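Peer 1: Protein chains in written order, with my numbering: chain A, 1 to 91; chain B, 1001 to 1414. The C-beta atom is built at its ideal place from N, Cα and C for all residues, glycine as well. Keep in mind that this is a model prediction, so the values were computed, not measured. For reference, the structure I am asking about is given below.
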Amino acid sequence: MDDVASKIVEILQKHMKDPDKEVAMGTKLEDLEIESLDLAMIVFDIEDSFGIEIPYNANEEVEDFKTVGSVVDRVRSLVEGSDASPSGAAA
Amino acid sequence: MTQSNGTRRVVVTGTGAVTPIGIGVDDYWTSLKAGVSGVAPIQRFDTEDLYITIAGEVKGFDPRACLRRLKRDKVLPHADRFSQFAGVAACEAMDQAGIEAPIEDGMRAASIIGSGAGGLVTFEAAYRDLFIRKKKATHPFTLLRIIGSSAAAHVGIEYGIKGPTFGTVSACATAAHAIGLMFDFVRRGVVDIGIAGASESVLNYGTMRAWQAMRVLSPDGCFPFSKNRNGTVLAEGCGLLVLENLERARARGANILGEVVGFGMTSDAKDMVNPDIEGPREAMRQALRDADLSTTDIDYLNAHGTATAVNDVNETRAIKDVFGDHAKNLSVSSTKSMHGHMLGAGGGIEAVACLKAIEEGFVPPTIGYTEPDPECDLDYTPNEGRKRDVTYAMSNSFAFGGLNAVLVFGPPPA
């Protein structure tokens, strides 16, 4: 697990009802009992920690927020893109 | 004019509206009938780095022009925009009711004008002055501008209203609670006349940031009940009604616009954001029982219809639970598709829409409806309004926190 992944797992654990539950890259967020309002707080924490912006919309089913691994991939691409294009996250 | 349970009948003799699709009831209603959208890119402040950059702003509102005629309240021209909206809507509603300031027998009158959040625009400006510009003092009216009850107080001062005067607070059900309480005050004889509703003007950078962080706003538009809906759109405005007991209204020869016949209020007591079925359902049932009507008496239902994924499905289910087979015959619409989500003021402006629908026999549409959603399978009056005799209309307001308020309106008593 790289820095991005371990930081995200740490953030997820902070918001999980049962932080001892095992978190792997393939774990679905719904299996961690993460609901829409939890997700709003998690996205906020991620944005704050990585200095990025994720235009996540709770009204839409987004593939990026299905599993732990998909969140990590999304954040990694935003972090990598943020230097080249500061507005990339908001696009 | 007294009902079998000893209470008095309550009629509407005035309406006032300040909306993103028209200032004044005539302009507002003309826009509703034509399916005009008031949602547009935000003009009044720099959206800077926001990714939600649209809202329903009230355009062309000139407080000085609108408030020049004030007789008694000298402070309103310096008040927060939400109080100024209320001042303008109150003047319109009182003019229509044929009431001049100061009102006769002020002790028997009430002003219940709520606001979901009060003067947030003033708040932000004051904090920018203090923390960014390092000013030593805020504007001397900052406190008065911020207070959530200031709209009720301003209108009360202007019209010499000396009875119950306060604001309600219940997020997006604020106006419906205010009108419902006034309905109760008038029918029980606490007062004879009153002005009720809510006003909201919270569009600023901080508010947009806070809502953006909730992840419930649409970047594109407000498309209630349509499968492609992707969130609500914030708006600002004010909707007020003058309520009066029937006897008083008739005695002074007032033009009666309609009647308030039922009110229901419940709380989900479950979740701050996710709505439950029971609360909305029971609020609708209470309102019908209060009105002594059966489900088939309702022709038009002005839905809460926020265009969030969750609300619209939940509200549809609750309507079907309450109305059963008649649900399919109901004309439902969400006028938020046009005026946006005015938060606390929504129930006031939607009450005006219900009264106009009854008066003119016309159901305003739900615009932006492009894709049917199998989970939202009622007649939402898609895209075009329609002529229909409307005898009774129901207005739903369901707020964050699970706070529900439902009003039922009828025609002028025969």
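1) Within its chain, find whatever has a CB closer than 6 Å to the CB of A/Glu80; leave out the 5 residues flanking it on each side and keep chain order.
2) Secondary structure at B/Pro1224, three-state DSSP: helix, strand or coil?
3) So that I know if they touch, is there some Cβ in chain B lying closer than 8 Å to that of A/Phe44?
4) Taking A/Glu60 as the query, report the chain B residues whose CB atoms sit under 9 Å from its CB, ordered along the chain.
5) How many Å lie between B/Glu1384 and B/Pro1364 at the Cα?
6) Between which two residues does the alpha helix (DSSP H) holding B/Asp1377 run?
7) Hey, is A/Ser85's beta-carbon within less than 8 Å of any beta-carbon in chain B?
8) For B/Thr1168 versus B/Ile1112, is the C-beta distance shorter than 8 Å?
9) Relative to chain A, which residues along the stretch 1211-1228 of chain B have a C-beta separation below 9 Å, given in chain order?
10) Quick one: is B/Val1273 near chain A, going by C-beta distance under 8 Å?
11) Can you list the residues of chain B that A/Pro19 reaches, using a CB-CB cut of under 8 Å?
12) So, is the C-beta of B/Tyr1051 closer than 8 Å to a C-beta in chain A?
13) So, using beta-carbon positions, are B/Glu980 and B/Glu1104 closer together than 8 Å?
14) Would B/Asp1299 and B/Tyr1392 qualify as a contact pair, given that the criterion is a beta-carbon distance under 8 Å?
15) Mind listing, in chain order, the continuous beta strand (DSSP E) runs of no fewer than 3 residues lying wholly within the stretch 1235-1296 of chain B?
16) By how many angstroms is the C-alpha of B/Leu1050 removed from the C-alpha of A/Asn57?
17) How about B/Ala1097 and B/Met1182: do their beta carbons lie closer than 8 Å?
18) Just the C-alpha distance for B/Gly1239 and B/Asp1373, rounded to the nearest angstrom, thanks.
19) Would you please state the rounded distance, in angstroms, between the beta carbons of B/Leu1241 and B/Ile1179? I believe it to be under 8 Å.
20) When DSSP builds the beta bridges, which residues end up paired with B/Ser1144?
21) Indicate whether B/Thr1013 and B/Glu1244 have their beta-carbon atoms separated by less than 8 Å.
22) Kindly indicate which residue of B/Ser1083, B/Thr1030, B/Phe1045 and B/Thr1019 has the alpha-carbon position closest to the one of B/Lys1059.
23) Count the other C-beta atoms from every protein chain shown that fall within 10 angstroms of the C-beta of B/Ala1210, then say buried if there are 16 or more, exposed otherwise.
24) What residue does the alpha helix (DSSP H) around B/Glu1350 start on, and which one ends it?
25) Quick one: Cα of B/Asp1312 to Cα of B/Glu1282, how far?
26) Within 10 Å of its beta-carbon, does B/Asn1255 have 16 or more other beta-carbons around it, so buried, or fewer, so exposed?
27) Compare the C-beta of A/Leu108 against all C-beta atoms of chain B and say whether one is closer than 8 Å.
28) Over the uninterrupted beta strand (DSSP E) stretch that includes B/Gly1035, give me the two end residues.
29) Would you say A/Ala40 faces chain B, with C-beta separation under 8 Å as the test?
30) Tell me which residues share the same chain as A/Thr27 and place their Cβ nearer than 7 Å to its Cβ, disregarding the 5 neighbours each side in the sequence.
Peer 2: Checking against the coordinates, here is how it stands:
1) none
2) coil
3) yes
4) Close to A/Glu60, with beta-carbon spacing below 9 Å, are these residues of chain B in chain order: Asn1230, Gly1231 and Ala1309.
5) 7 Å
6) First-last for B/Asp1377: undefined, no H or E at that position.
7) Note that A/Ser85 scores 41 on pLDDT, short of 50, meaning its location in the model is unreliable; the coordinates nonetheless yield the value given after this. By this cut-off, A/Ser85 is not an interface position.
8) Taking 8 Å as the Cβ cut-off, B/Thr1168 and B/Ile1112 qualify as a contacting pair.
9) Gln1212, Ala1213, Met1214, Arg1215, Val1216, Leu1217, Ser1218 and Pro1219
10) yes
11) The premise fails here: A/Pro19 is roughly 22 Å from chain B at the closest Cβ pair, so nothing lies under 8 Å.
12) yes
13) Missing from the structure shown is residue 980 of chain B; chain B here goes from 1001 to 1414 and no further.
14) Yes; because the gap between Cβ atoms is below 8 Å, this pair is in contact.
15) The stretch 1235-1296 of chain B is shown to contain whole beta strand (DSSP E) runs of 3 or more residues at 1237-1245 and 1258-1267, in chain order.
16) 14 Å
17) no
18) 31 Å
19) 6 Å
20) A quick correction: the sequence has Leu, not Ser, at residue 1144 of chain B. BP columns for B/Leu1144 are empty, so no partner.
21) yes
22) B/Thr1019
23) exposed
24) Gly1346 to Glu1360
25) 17 Å
26) exposed
27) Any answer about residue 108 of chain A is impossible in this case: the structure gives chain A only from 1 up to 91.
28) Counting along the chain, B/Gly1035 falls outside any beta strand (DSSP E), and DSSP gives it neither H nor E.
29) A/Ala40 has a beta carbon lying within less than 8 Å of a beta carbon in chain B.
30) Thr67 and Val68
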